[in-house]
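**Student:** Using our numbering, read the sequence shown as starting at 1 and increasing by one per residue. Glycine included, each C-beta is placed from N, C-alpha and C at the ideal position. Source: prediction; values computed, not measured.
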Amino acid sequence: MESRAIHTLALAPMVKTRLHIAGYKTIGDVWKATRSQLCKDTGLAIEEVESVWQVIENVGKNLVFHTGNDLLQKEDNRIAIMTFSERLDTALGGGVQGGTVTEICGLPGTGKTQLCMQLACDVQIPRCLGGQGAEALYIDTQGGLVMERLTEVVSATVAHCRQIAIQDEHPEMSLKLSSLSIETMLAGVHVHRCTSHLQLLAIIEQLQAFLKANRKVRLVIIDSVSFHFRHDFEDLSLRTRILTNSAQTLHKIARSFDIPVVVTNQMTTRVHQGPGQKGSSVVPCLGESWGHACGTRLLLQWNMGTRQAFLLKSPSLKSCVVPFLVTKDGIRDHVPSIDTVGLESAVDATVPNTLESPFKRQKLT
């Protein structure tokens, strides 16, 4: 620690400069001097020198190391948020995972907002049914969150949970579900509407304080992260820097609070240029830098009249494609018809067969 450079410490730039000019370039150099000597050599006030010593004394105190077993146990105890589609949950390793940023991208009408609304409901399912009994923060940037539609999904979720409690004839479960209603579940979705990229950046910077003040919130949704960044920026390099900083903030929040951060992204057309390249393709917005910043990327698409979820990127799961439905009640499993048996077989071949489908998903789908 004595060899650590002064410029890496959390000190004011002016203080770092004066220490460097006076020859104090490492922590060891400062330790060898007295406080009065530092004041004389650097011209700093005694209060400023005291702050330097406080920073140095705290170096290393906040370092926490975890073993591989600790991290594995933490992941095993983590409760993912179900989607009400057993096959989609299985493809995601049990549901939308905490501690990471998940991007849901796709063309209009593929079900991005519908999936977000379903997640905002499912995070509130009591723990006795495999949920988290928590709340959600829904940041709406494009006005896609229609309360009438959210109420439909909430109503179906509440009815489904009560039906399971009746079937199981479990007194404790029925008691916990007695407080679950359409009103309480709607109250558990905190909605913030953003009308500009500046408002979105401001709420992202305030997320940590909001989550500390609202400990029951265990899911953050931004729908969509790209809406205000597609047309408000002429300087693409500035946009990239801003998005990179925002992505880092969202990752820090996901890890610090061990919660899922879900963002939706729209699609754009990329024209292929260069030798031997021609034509165009539809790709997620915001460029490759943003794509690398997301831990998990899920592409929603239409194929032969069927909605599909394509897992493009995951730190621990292989890519796969699964069909799903958007019904009046929300997200549900796709039941194959005779006309789509061949398609279903092809999709099944891409789903990892090493993933164990949690029992709670079987009960709730």
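With a cut-off of 8 Å on the beta carbons, I'd call C116 and D41 a contact; round off their distance for me.
**Tutor:** Approximately 58 Å separates the beta-carbon atoms of C116 and D41; this is outside 8 Å, ruling out the contact.
**Student:** How big is the Cα-Cα spacing for N265 and M147?
**Tutor:** 21 Å
**Student:** Along the chain, which unbroken stretches of the beta strand (DSSP E) at least 3 residues long are found entirely within the stretch 198-224?
**Tutor:** List check, beta strand (DSSP E) in window: 217-223.
**Student:** Contact defined as beta carbons within less than 8 Å: I believe L186 pairs with V154. What is the distance between those atoms, to the nearest angstrom?
**Tutor:** The pair is a contact, with the Cβ atoms about 6 Å apart (cut-off 8 Å).
**Student:** Decide if the stretch 290-309 is in contact with the stretch 107-127; the criterion is three or more beta carbon pairs, one per stretch, under 8 Å apart.
**Tutor:** yes
**Student:** Nearest-angstrom Cα distance between I203 and Q301?
**Tutor:** 30 Å
**Student:** Among all the DSSP beta bridges, which residues are the ones paired with C294?
**Tutor:** DSSP, once it has assigned bridges, lists no residue as partnering C294.
**Student:** What does the Cβ neighbour count give for Q157, buried or exposed, with the cut at 16 atoms within 10 Å?
**Tutor:** Reading the sequence as shown, one finds Thr at residue 157 and not Gln. With 16 or more Cβ atoms within 10 Å of its Cβ, T157 is classed as buried.
**Student:** Helix, strand or coil for I331 per DSSP?
**Tutor:** strand
**Student:** Quick one, which of L236, L219, R4 and E75 has its alpha-carbon nearest S289's?
**Tutor:** When only C-alpha atoms are compared, the closest one is L236.
**Student:** Just mark G93 as buried or exposed, buried being the case when its beta carbon has 16 or more other beta carbons within 10 Å.
**Tutor:** buried
**Student:** Quick check: what's the CA-CA separation for F257 versus S36?
**Tutor:** 43 Å
**Student:** Run through the DSSP bridge pairs and tell me what L299 is partnered with.
**Tutor:** Answer is C105 and F310, bridged to L299.
**Student:** Write down every uninterrupted run of the alpha helix (DSSP H) in the stretch 16-104 whose length is 4 residues or greater and which is fully enclosed by it, in chain order.
**Tutor:** 27-31, 35-42, 46-58, 68-77 and 86-91
**Student:** Between R87, T34, T83 and N77, which has its C-alpha nearest P392's C-alpha?
**Tutor:** Limits of the chain in this structure are 1 at one end and 365 at the other, which puts residue 392 out of reach.
**Student:** So, is G342 buried or exposed, given that buried needs 16 or more other C-beta atoms within 10 angstroms?
**Tutor:** Reliability fails at G342, whose pLDDT of 49 lies under 50, so the model's placement of it is uncertain and the value that follows must be treated cautiously. Exposed.
**Student:** Can you round the beta-carbon distance between Q114 and G330 to whole angstroms, since I take them to be within the 8 Å contact cut?
**Tutor:** 7 Å
**Student:** Where does the unbroken beta strand (DSSP E) through E148 begin, and where does it stop?
**Tutor:** It is not in any beta strand (DSSP E) - E148 instead sits in the alpha helix (DSSP H) that spans M147 to D168.
**Student:** Please list the terminal residues of the continuous alpha helix (DSSP H) segment that includes R255.
**Tutor:** L236 to F257
**Student:** Can you tell me which of T102, S85 and E57 puts its alpha carbon nearest to the alpha carbon of L325?
**Tutor:** S85
**Student:** Assign I182 to buried or exposed, taking buried as 16 or more other Cβ atoms, counted over all protein chains shown, within 10 Å of its Cβ.
**Tutor:** exposed
**Student:** In three-state DSSP terms, what is A5?
**Tutor:** strand
**Student:** With three or more beta-carbon pairs closer than 8 Å as the criterion, would you say the stretch 247-256 touches the stretch 128-144?
**Tutor:** no
**Student:** Opposite F324 in the DSSP bridges: which residues?
**Tutor:** In DSSP, F324 forms a bridge with R307 and D333.
**Student:** Since L19 and L119 should fall inside the 8 Å C-beta cutoff, what is the C-beta to C-beta distance between them, to a whole number of angstroms?
**Tutor:** Incorrect: roughly 50 Å between the Cβ atoms, too far for contact.
**Student:** For L137, list the residues DSSP reports as bridge partners.
**Tutor:** H190 and V220
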